[in-house]
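*Asks:*
Residue numbers (UniProt numbering): 1 to 592.
The structure is reproduced here in structure tokens:
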């Protein structure tokens, strides 16, 4: 799968750069029924029980249509999208990732638009104004579910081990008193999505079933790297059950609040992480992204999110957890916090292939090509308010920051989204080892349908992956440094219908619409950064609704995408009328 000799010296498993021509084909209007409440409960039992019904729903979703795609004839399937930049001279890891000198200052936002950053916590501890123990004692009443009157913010968390939190805070407090902090992260609170492993914590993956059978025995590599810097894990975070939708509607654990507008979903499946960061409870969190699960909630909650290259962040001790679409990545309220958290959690795992082959993350130095690729027919499928906000940001990039925009085409986008959906569903079904009747009604249906995928159709989906990866490799060769830009979602948020909260909802039409842009990075393994570019008034409830823009780069180009993210933050600070908006639900943790 390698291209020229030059490419082989730079990458391992690089696709053969090859242009594939295919006219843009918009997906047809969704034909999936929208069902909620008690009818959904009864339908879920029927689908799980009646043998032929799941296959009928599978066919109705359009998955069998890949059989008619003649562009797939003669194409080999590609099952693993991992592409690894090989080490280059000068790419050694820095001595420390968490020296304060490594942290870039956040923009000087107006007071009512500012979130607290890692640097704010650090400065409060360094000055003696606060201790880590002060901070966690202020946080615990807000995040604990196991108290008589939980706060509304606690829905973002599934579990918080109070004694472990207090112990970590006391140890950090003592280091600060001795003048021996471990680095800028020492004492800073953070959270992790429930699908990661943490010693002493259970792992539910948003379900009612404990997958650890009593508590994890080992902590995920990326979480361990952050804790080793002295950061304080304050809990496991709510997620959509099994990560199998994009709202974070969870009838089992509750649906977390969107900090900007409580009548809107946070987005999923890392919705608890976005809610906690968006409300100001923690400056960053670690999520996972198999179909936009970091970027969609970051978009809906006005945050910065990074979907990393496939296998860039180790999934150990669960080496197969990522399968072929899912990765770990951070969410943060500022680019400086996103950058720092990414660099710490993405340190190569020398004990686990293939993460150990990646270069250590480090700040990009030297000039970079500022080339933005727009597939206009695809871009313009977004709703008008989203198009307007996204185009305003692009105009700023070209007029003020020296970017060039090139027109690009991407083949088989309609088929690619179907292929990605088929893949993530089949991989999710293969990893689900509990009774289907233990799931909520929407996932009872979804897992029943996912199990219907024939091997021949799964192979066709992987042929689509190969075509897309070859075409992207071609684009990255023709336009070095290319960043493919799209809105993060074509819609501005997703309003909540209260009738959906008790039993969930199955709305495949909106789910596919919500994922129209995000799936490409997951299916092909490329990295993607999301940042807010504007706000609109909600159609219901009180408060604004954020709009996000995404940039997708070549495999292993996270450092360049971070620079693009800083330019996006510059737009929101300097170019956007009104600047960054802080949600009304924001909590002033340091004053508490």
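Backbone N, C-alpha and C define an ideal beta-carbon position, used for all residues, glycine too.
1) Considering residue 535, what are the terminal residues of the beta strand (DSSP E) in which it resides?
2) Would you mind reading off the limits of the beta strand (DSSP E) that contains residue 284?
3) Per the DSSP calculation, residue 404 is bridged to which residue(s)?
4) Which whole runs of the alpha helix (DSSP H) in the segment 494-522 are 4 residues long or more, in chain order?
5) For residue 546, name the three-state secondary structure that DSSP assigns.
6) So the beta strand (DSSP E) residue 593 belongs to, where does it begin and stop?
7) Once DSSP output is grouped into helix, strand and coil, what is the label at residue 229?
8) Using C-beta distances below 6 angstroms, list every residue in its chain close to residue 289, excluding the 5 sequence neighbours before and after it, in chain order.
9) First and last residue of the alpha helix (DSSP H) that includes residue 153?
10) Among 584, 580 and 197, which one has its Cα closest to the Cα of residue 542?
11) Go through the segment 250-280 residue by residue and report every complete run of the alpha helix (DSSP H) that reaches 4 residues or more, in order.
12) On the DSSP bridge assignment, give the partners of residue 472 in chain order.
13) With distances taken Cα to Cα, identify the nearest neighbour of residue 78 among 458, 417, 117 and 569.
14) In three-state DSSP terms, what is residue 17?
15) Output the boundary residues of the beta strand (DSSP E) element that contains residue 306.
16) Quick check: the segment 245-255 against the segment 492-507, are at least 3 beta-carbon pairs closer than 8 angstroms?
17) Between the C-alpha atoms of residue 232 and residue 173, what's the straight-line distance to the nearest angstrom?
18) Check each candidate in 407, 154 and 135 and name the one with the smallest Cα separation from residue 144.
19) Verify whether the separation of the beta carbon atoms of residue 256 and residue 280 is less than 7 angstroms.
20) Return the CA-CA distance between residue 283 and residue 381, expressed in angstroms with no decimal places.
21) What residue range is occupied by the uninterrupted beta strand (DSSP E) comprising residue 52?
22) Which residue comes first and which comes last in the beta strand (DSSP E) that contains residue 603?
23) Once you ignore the five residues that flank residue 472 on each side, which residues in its own chain have a CB closer than 7 angstroms to its CB?
24) Can you tell me whether residue 410 is buried or exposed, with buried defined as 16 or more other CB within 10 angstroms of its CB?
25) Using beta-carbon positions only, say whether residue 335 and residue 569 come within less than 7 angstroms of one another.
26) Per DSSP, which residues does residue 12 bridge with? Please list them.
27) On the three-state DSSP scale, how would you describe residue 6?
28) If you reduce the DSSP assignment to three classes, tell me which class residue 216 lands in.
29) Just to confirm my understanding: we take residue 254, look at its own chain, exclude 5 residues before and 5 after, and list those with CB closer than 6 angstroms. What are they?
30) Whether or not the segment 187-195 and the segment 111-125 are in contact is what I'm after, with contact meaning three or more pairs of Cβ atoms, one per stretch, closer than 8 angstroms; do they touch?
31) Look up residue 328 in the DSSP assignment and give the residues it is bridged to.
32) Figure out for me which residue from 572, 557, 546 and 580 has the closest Cα to the Cα of residue 262.
33) So is residue 364 buried or exposed if we call it buried at 16+ other beta carbons inside 10 Å?
34) Could you give the C-beta distance for residue 36 and residue 537, rounded to a whole number, given that I count them as a contact under 8 angstroms?
35) Buried or exposed for residue 441, please, with buried defined as at least 16 other CB atoms from any protein chain shown within 10 angstroms of its CB.
36) If we ignore side chains and look at the alpha-carbon of each, how far apart do residue 531 and residue 390 end up?
*Replies:* The structure says:
1) 528-537
2) 284-289
3) 371
4) 508-514
5) Note: residue 546 maps to strand in three-state DSSP.
6) Here the chain has residues from 1 to 592 only, and residue 593 is not among them.
7) Residue state, collapsed to three classes: coil.
8) 307, 327 and 329
9) No alpha helix (DSSP H) holds residue 153; DSSP gives it neither H nor E.
10) Checked all of 584, 580 and 197; the closest Cα to residue 542 is 584.
11) The segment 250-280 contains these whole alpha helix (DSSP H) runs: 271-278.
12) Beta-bridge pairing links residue 472 to no other residue.
13) 458
14) coil
15) Run containing residue 306: 304-307, per the beta strand (DSSP E) assignment.
16) yes
17) Rounded to the nearest angstrom, the two C-alpha atoms are 11 angstroms apart.
18) 154
19) No, Cβ-Cβ distance for residue 256 and residue 280 is not below 7 angstroms.
20) Each residue's Cα considered, the two are about 33 angstroms apart.
21) First-last for residue 52: undefined, no H or E at that position.
22) Any question about residue 603 goes unanswered here, given that the chain covers just 1 to 592.
23) 524 and 526
24) buried
25) yes
26) 84
27) Here the model assigns residue 6 a pLDDT of 41, short of 50, so the residue's position is not dependable, and the following value carries that caveat. Residue state, collapsed to three classes: helix.
28) strand
29) 155
30) yes
31) 288.
32) Ranking 572, 557, 546 and 580 by Cα distance to residue 262 puts 546 first.
33) Exposed, by the Cβ-count rule.
34) Not quite, the Cβ-Cβ distance comes to about 25 angstroms (not below 8 angstroms), so this is no contact.
35) buried
36) The alpha-carbon atoms of residue 531 and residue 390 are separated by roughly 11 angstroms.
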